[in-house]
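In the numbering used here, the protein residues as written are 1 to 290.
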């Protein structure tokens, strides 16, 4: 394995001295590793090119196999490490950043408590990437804010999550300190937009048709949008689940409005096939997200 690791690094850096520095090895050790591997395989893996080394044809043929062997070795070590910790099964879930930062901590805490033998690996990915991760078996289960369109995966929507109007907390309460209409908000404050993929385009069309001259600022992440609202930089429309803690702690205020129709969004359960672990997690997540 050390020979393989040295070979892959040398193929990357094309320089034995640089390889030795990256791997914290003496340069003669790098040379010996490559020579031993070449002797074992029966082919020269590198050719000199000035001060650098480049892969020979045999080296190019062998490189992808070396990478696979190293990855399998690392996977086996991770598996045995999990086994020693008491894990007997593994579940990899791909989760959108919004869900990872809001709903997931509570759900995972409960799931790991109820199923201590299942090792959970979390891959935080954009919603539009989750379907492909599931189809390629990079992840076993997905929690997305967009319906996956990949033909080989299934997307099931959970209970609706209402969009709410949230504004900075100025120390007072909604009745005494805040403007009373959407028009006041749109005229006096910046609207922070596009923090969620599912509803902003249609919502902006309706807002602009009603409130002339509305000022907007694109902020592509919900957690940044929330921080900006807390600092008084603007207001926004966010999923209720994403601002529950901030509302409970008084860091921002929810304002009810009948002036526009606020949409709903869904969390989508994305999967390819249901193993025992994914079946357990699916039933658990459906119970705790409805």
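All C-beta atoms, glycine included, are put in the ideal place defined by N, C-alpha and C.
Same chain, Cβ closer than 6 Å to residue i, five either side skipped, listed in chain order
i           : result
residue 121 : 92
residue 99  : 143
residue 64  : none
One or two residues paired with residue i in a DSSP bridge
i           : result
residue 90  : 119
residue 268 : 144, 157
residue 191 : 216, 235
residue 253 : 167
residue 95  : 124, 143
Contact set for residue i: own chain, Cβ-Cβ below 7 Å, skip 5 residues either direction
i           : result
residue 174 : Unreliable positioning characterises residue 174 in this predicted model, as indicated by a pLDDT of 47, which lies under 50. A coordinate reading is not provided.
residue 73  : 1
residue 97  : 124, 221
residue 208 : 214
For residue j and residue i, believed in contact at Cβ under 8 Å, the rounded distance
i           : j           : result
residue 191 : residue 234 : 6 Å
residue 293 : residue 45  : In the structure displayed, the chain extends from 1 to 290; residue 293 sits before or after that span and is not available.
residue 146 : residue 268 : 7 Å
residue 131 : residue 153 : 5 Å
Helix, strand or coil at residue i according to DSSP, with G and I counted as helix
i           : result
residue 48  : strand
residue 217 : strand
residue 156 : strand
residue 174 : Residue placement at residue 174 cannot be trusted, given a pLDDT of 47 that sits under 50; the coordinates are not used to answer.
residue 224 : helix
residue 125 : coil
residue 239 : strand
residue 205 : helix
residue 79  : helix
residue 4   : helix
residue 25  : coil
residue 162 : strand
residue 274 : coil
residue 63  : helix
residue 55  : strand
residue 32  : helix
residue 326 : In this structure the chain extends from 1 to 290, so residue 326 is not present and cannot be described.
Neighbourhood of residue i by C-beta, 8 Å cutoff - its chain only, sequence neighbours within 5 removed
i           : result
residue 176 : At residue 176 the pLDDT is 49, less than 50, meaning the model places this residue with poor confidence and gives no usable figure here.
residue 133 : 94, 123, 125, 139, 142
residue 224 : 195
Can you confirm whether the segment 258–267 touches the segment 118–137 when touching is taken to mean that 3 or more C-beta pairs between the two stretches lie within less than 8 Å? no
Does the segment 33–51 come into contact with the segment 72–82, if we say contact requires no fewer than three beta-carbon pairs (one atom in each stretch) closer than 8 Å? Too few Cβ pairs lie closer than 8 Å, so no.
Using 8 Å as the threshold, is the segment 270–282 in touch with the segment 181–199, meaning 3 or more CB pairs across them? These segments do not touch.
Take every Cβ of the segment 242–252, pair it with every Cβ of the segment 158–166, and state whether three or more of those distances are shorter than 8 Å. yes
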